[in-house]
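Per UniProt numbering, the very first residue in the sequence shown carries number 1; after that it's consecutive.
By construction, the Cβ of each residue, glycine as well, lies at the ideal position given by its N, Cα and C atoms.
Please read the structure below before turning to the comments.
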Amino acid sequence: MLLSQESPPLEAPPETSNTKTKTILNLLQGCNTLKKLHKIHACVITAGLLNHPAISTKLLNFCAVSVSGSLLYARLLFYQIHNPQIDHWNSIIRGFSRSSSPIQSIFFYNQMVSIPTRSRPDTYTFSFVLRACERVILPLADSKRKEVHGTVIRSGYDRDFVVCTNLMRSYAGNGSIENARKVFDEMPARDLVTWNSMISCYAQAGFHYEALKTYDLMRIENVGVDGFTLVGLLSSCAHVGALNLGIEMHRLARESGFLNRNIYVGNALIDMYAKCGNLEAALSVFDGMKKRDIFTWNSIVVGYGVHGRGLEAIEFFRKMVMEGVKPNSITFLGLLCGCSHQGLVQEGVKFFNLMLSKYNIKPEIKHYGCMVDLLGRAGKLKQALDVINSCPSQNDPVLWRTLLGSCKIHKNVEIGEIAMRNLVQLRASNAGDCVLLATIYGEVNNADGVSAMRKMIKSQGIKTTPGWSWMEINDQVHKFVVNDISHPDTNEIYMKLREVIQEVTLLGYVEEDSMSLVSLKGFSGEGYCWGNGSYHSEKLAIAFGISRTPVGTCLRITKNLRVCRDCHSFTKFVSKAFNREIVVRDRVRFHHFKDGECSCKDYW
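Here it is as structure tokens:
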């Protein structure tokens, strides 16, 4: 019997299938565009390798996670995979957790835990879904996060450093800082990343005092520090004015070598020194840095700005441009701030116009706010009003509040009423606004206006913003509020304050009483002072500082509100009577008091 000329088709040897797999994996390794991925995907389908674990994982991971990928395509691809494994679930959950639709990440997590498969959540799954919970709007995120937290405990992952750290961040990211701390406290062991995360959670939530207290615990437990620790702690030092602790961080950074090799630590140091009132130290760190970026330069420009040294900010800006560093919106914010605090109107207008014309930087709401402040302080209130009307975001209450503050300086009732009317229409008026307009009315002897503001506060139940001051003494940060009786040394503080008031009165200090024409009942709180007998937080801080520090020691105070006229006058007299330099950082700028004078030259 003769054999047929045509041989029957032979089954491909195993090597061929392995070769295809290796070829496709190599192609996926070098894939960098979605167009290439489409072609590779077609080859995978043709070769019947879509359910090959390594190939399907790489395909899905590129679509879901890569910047060149597509979550829409990732979703289609995911549903083509038979019996998805843990890596598949993690890729799709991770991709959506970072997207503009993080809720989709939660939906995929729900599918994963509801389907009885071999794939159960692992460290990565929990981390990705917790990140999604952090970005989803409450209250859905809160209930889901607690549910995931329960699953973490039941699955035995409550001892996992990575999962617990992400759980802390997720709670803190939605304002549940107490729950974040509870997770931290209940961990049987903690690594450096966990400690750094707790410090970061406190700092980002504005609990800077608590962040610094966490570092005290680190020292007790002999936990070292790294660059992330230093940056987080320096940020909190900057916010509360803890210069001594900041200097300690500087020493650690220098001794551990972080200052030379970590630009973020250098930038954080510059920011800390500038915000703690020591620009000379900030410049020293700047000069010693071998590598600088835009943030390095901006920290000095902004530092000069908030210290009211506008001309020096401009000079430093010119040096920056000559070095080939391109300014950004923060650079101009520092310049405009400096021009505003030093009354450099023409220069400020020039830089505002340069933003768009030369550097193609579109002014943001804060830049417009600086311009309103610049013109308003200089008495050009109608021009300031024109700036607001030309702003794309006229409905921002900060603009109108800034204008109202300028009207108080120049006793302009007409434009002050326009500003207040807009704040009321925006439903953004607060007690401070009513007080500002009441002050204007009082200074022009308009008792009816003062009465109207008092009634407005009472009828609408408007609350005042509590004023506080921070002061660092012997490496401890002390917090004071208006009429504070919570401090453990309250009796000592008030006794010393009475002594201080007696001393400065002998030099000519008279308590501010700008509204004596009318009864002030109904107006109280910090941020304004009209001879109503209240003890503002910085007065308490000054008394405590004088009591607890050697003669001649510089006192550094940080406030959350603008310093009032009475406290400004009081501090000038204290600096002269007790031969003290006093540095006060309020909500908008620094005041350096020495020998009875202030660096702002009463232009603030």
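1) Go ahead and label D433 buried or exposed: buried means 16 or more other beta carbons lie within 10 angstroms of its beta carbon, across all protein chains shown.
2) Quick check: the Cα distance between G508 and T571, rounded to an integer number of angstroms?
3) Leaving out five residues before and five after F62 in sequence, what residues of the same chain have Cβ atoms less than 8 Å from its Cβ?
4) From this set, R585, M320, A378, which residue's C-alpha is nearest H568's C-alpha?
5) Are the CB atoms of V372 and L399 within a distance shorter than 8 Å?
6) According to DSSP, simplified to helix, strand and coil, what is M471?
7) With H, G and I counted as helix, E and B as strand and the rest as coil, what does DSSP make of R562?
8) Can you tell me the Cα-Cα spacing of A438 and G449, whole angstroms?
9) What separation, rounded to the nearest whole angstrom, lies between the Cα atoms of G107 and Q80?
10) Count the other CB atoms, across all protein chains shown, that sit within 10 Å of the CB of L217; report buried if there are 16 or more and exposed otherwise.
11) Can you look up E597 in the DSSP assignment and give me helix, strand or coil?
12) What did DSSP end up calling H29 once you bin it into helix, strand or coil?
13) Measuring CB atoms only, is the region 218-227 touching the region 535-544, in the sense that at least three cross pairs come out at less than 8 Å?
14) Given this structure, state the Cα-to-Cα distance separating K319 from A141, to the nearest angstrom.
15) In this structure, what does DSSP give as the bridge partners for F590?
16) Locate the beta strand (DSSP E) running through K479, then write down its first and last residues.
17) Closer than 7 Å by C-beta to H149: which residues in its own chain qualify, once you throw out the five before and the five after it? Chain order, please.
18) Beta carbon of T123, beta carbon of Y73: below 8 Å?
19) Could you tell me whether the region 268-282 touches the region 498-507, using the rule of 3 or more Cβ pairs below 8 Å?
20) Got a sec? Which residues, its chain only, sit under 6 Å from S119 by beta carbon, not counting five neighbours each side?
21) Count the other C-beta atoms from every protein chain shown that fall within 10 angstroms of the C-beta of G246, then say buried if there are 16 or more, exposed otherwise.
22) Just the Cα atoms here: how many angstroms apart are C600 and L212?
23) Per DSSP, I557 forms a beta bridge with which residues?
24) Classify I388: buried if its beta carbon has 16 or more other beta carbons within 10 angstroms, exposed otherwise.
25) Taking the CB atoms as reference points, tell me whether M355 and H367 lie closer together than 8 Å.
26) Looking at the unbroken alpha helix (DSSP H) that takes in P397, where does it start and where does it end?
27) Pick out whichever of E443, S66, P116 has its Cα sitting closest to the Cα of K408.
28) Candidates V136, A42, L269, K326: which alpha carbon is nearest I294's?
29) Of the choices S547, N430, I103, whose alpha-carbon is the least far from that of S459?
30) What runs of the alpha helix (DSSP H), each 4 residues or longer, lie entirely inside the region 36-114?
31) Output the distance between the C-alpha atoms of Y304 and R159, rounded to the nearest integer angstrom.
32) In chain order, what residues of the same chain lie with their CB nearer than 8 Å to the CB of E472, ignoring the 5 residues before and after it?
33) Figure out for me which residue from R565, N579, D566 has the closest Cα to the Cα of V551.
34) Quick check on this structure: which residue in F352, S451, P488, N560 has the alpha carbon closest to the alpha carbon of T465?
35) Per DSSP, what kind of secondary structure is R207 in: helix, strand or coil?
According to the data block:
1) Buried, because 16 or more other Cβ atoms sit within 10 Å of the Cβ of D433.
2) 12 Å
3) Cβ neighbours of F62 beyond the five flanking positions: L28, C31, L37, S68, G69.
4) R585
5) yes
6) When secondary structure is reduced to three states using DSSP, M471 falls in the strand class.
7) In this structure, R562 counts as coil in the three-state DSSP scheme.
8) 6 Å
9) According to the sequence displayed, residue 107 carries Phe and not Gly. When rounded, the distance between both Cα atoms is 18 Å.
10) exposed
11) strand
12) According to the sequence provided, residue 29 is Gln. The question's His does not apply to it. Residue state, collapsed to three classes: helix.
13) no
14) 48 Å
15) According to DSSP, which records beta bridges pairwise, F590 is partnered with R585.
16) Taken as a continuous stretch (DSSP letters only), the beta strand (DSSP E) holding K479 covers 476-481.
17) L167
18) no
19) Inter-segment contact for the region 268-282 and the region 498-507 is absent: fewer than three beta-carbon pairs are separated by less than 8 Å.
20) Q85, I86, W89
21) buried
22) Using only the alpha carbons, I get a separation of about 31 Å.
23) M471, V584
24) buried
25) yes
26) 397-410
27) E443
28) K326
29) N430
30) The qualifying runs are 53-65, 71-78, 86-97, 102-114.
31) 47 Å
32) The beta carbon of E472 sits closer than 8 Å to those of V240, G241, A242, L243, N244, L245, H478, R556, all from its chain and outside the five residues before and after it, given in chain order.
33) It is N579 whose Cα lies nearest to the Cα of V551.
34) Of the listed residues, the one whose Cα sits closest to T465 is N560.
35) According to the sequence as given, residue 207 is Phe; it is not Arg. Correct three-state label for F207: coil.
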